[in-house]
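Numbers in the working numbering are just positions in the sequence shown, counted from 1, shifted up by 4. Below is one structure, written out as structure tokens, with a few remarks after it.
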Amino acid sequence: MDVIRKIGQNEIVEITTPVLITFHDGKSRLCGDFRALNNYTKAERYPIPRIPHALDKLAKAKYITKMDCMKGFHQNGVKPNSMKLLRIICHMGIYEYTRMPFGIKNAPAHFQRMMDTIFQEEILEGWMVVYIDDIIIYSDTWEYHLQYIDRVLSNCTPINLKISLKKCNFGQQELLALGHKVSGLSLEIDQNEVAAVL
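Printed below as a string of structure tokens:
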């Protein structure tokens, strides 16, 4: 999945944005500074789920699975006429995003809308929560849980929605999700999240 494309020397460039290199878990991440663009971008009005409401749904679950969409925003392509607005400049040249970058004002709402559309049935049936790029499956029985996991993965395959296996937790009775330690018996704030704030 090519996320950026180098701009050729003969291409006309009207706008660029500086690059920020952010570090997450010891790894660098390329991120354009899109604050100026965001100031002129009309907000996409689409609700992001409220975390307390999502956690209420998990409160009595015996089995919980959390799946993470691999580089979530990058799984969405950018329309060709929008790519010129997503150009970045750095010491190696000028590039433009071909996939939706992090830092764009409407990226979370757009991705949430896409995920809600893909998994509309599962969400309405009441055994799944989607929070941007996190898919959380919950159930009372192991048999149903396995069926739900299979169903979600079957939905991902035809549309090429990639899941990051190293960030997944399957069939747990307790796990970290949405900034909390969640189990069918208790709910606690993830202490790593607290430490990050302090």
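Don't be surprised by glycine CBs; every beta carbon is placed ideally from N, CA and C.
Secondary structure of residue i, DSSP reduced to three states
i              : result
asparagine 43  : helix
asparagine 173 : strand
serine 86      : helix
lysine 70      : strand
glycine 76     : helix
isoleucine 153 : helix
isoleucine 19  : coil
isoleucine 55  : helix
isoleucine 108 : coil
glutamate 147  : helix
alanine 113    : helix
lysine 64      : coil
Beta-bridge partners of residue i, as assigned by DSSP
i              : result
leucine 179    : Val186
leucine 34     : Ile25
cysteine 160   : According to DSSP, which records beta bridges pairwise, cysteine 160 is partnered with nothing at all.
glycine 97     : Cys94
arginine 133   : Note that residue 133 is valine in the sequence shown, not arginine. Answer is Ile140.
lysine 10      : Tyr99
isoleucine 3   : The structure shown has nothing for residue 3, since the chain only spans 5 to 202.
glycine 81     : Arg103
isoleucine 167 : Cys73
Rounded distance between the beta-carbons of residue j and residue i, thought under 8 Å
i                 : j              : result
glycine 36        : leucine 90     : 7 Å
glutamate 18      : asparagine 110 : Wrong, their Cβ atoms sit about 21 Å apart, outside the cutoff.
glycine 81        : arginine 117   : Not confirmed; about 15 Å, so no contact.
isoleucine 140    : lysine 70      : 5 Å
lysine 66         : glutamine 177  : 7 Å
tyrosine 135      : leucine 179    : Wrong, their Cβ atoms sit about 14 Å apart, outside the cutoff.
phenylalanine 115 : aspartate 137  : 7 Å
glutamate 100     : isoleucine 25  : Not really, about 18 Å apart at Cβ, beyond 8 Å.
cysteine 94       : valine 23      : 4 Å
leucine 59        : histidine 184  : 6 Å
Closest by C-alpha distance to residue i, when choosing among the options
i                : options                          : result
arginine 39      : Asp6, Glu15, Thr161 and Phe106   : Phe106
aspartate 72     : Ile163, Phe174, Trp146 and Asp6  : Phe174
threonine 21     : Asn14, Glu129 and Leu41          : Leu41
phenylalanine 78 : Thr45, Val134, Ser168 and Ile141 : For clarity, residue 78 is histidine in the given sequence; the question names phenylalanine instead. It is Ser168.
isoleucine 8     : Ile98, Tyr135 and Ser187         : Ile98
tyrosine 44      : Asn85, Ile108 and Lys83          : Ile108
leucine 62       : Gly130, Asp6 and Ile136          : Gly130
cysteine 172     : Ile127, Ile68 and Ile16          : Ile68
tyrosine 148     : His184, Met132 and Thr161        : Met132
proline 51       : Ser86, Tyr152 and Thr121         : Thr121
Problem - Three or more C-beta pairs below 8 Å linking the stretch 40-56 and the stretch 149-162 - result: no
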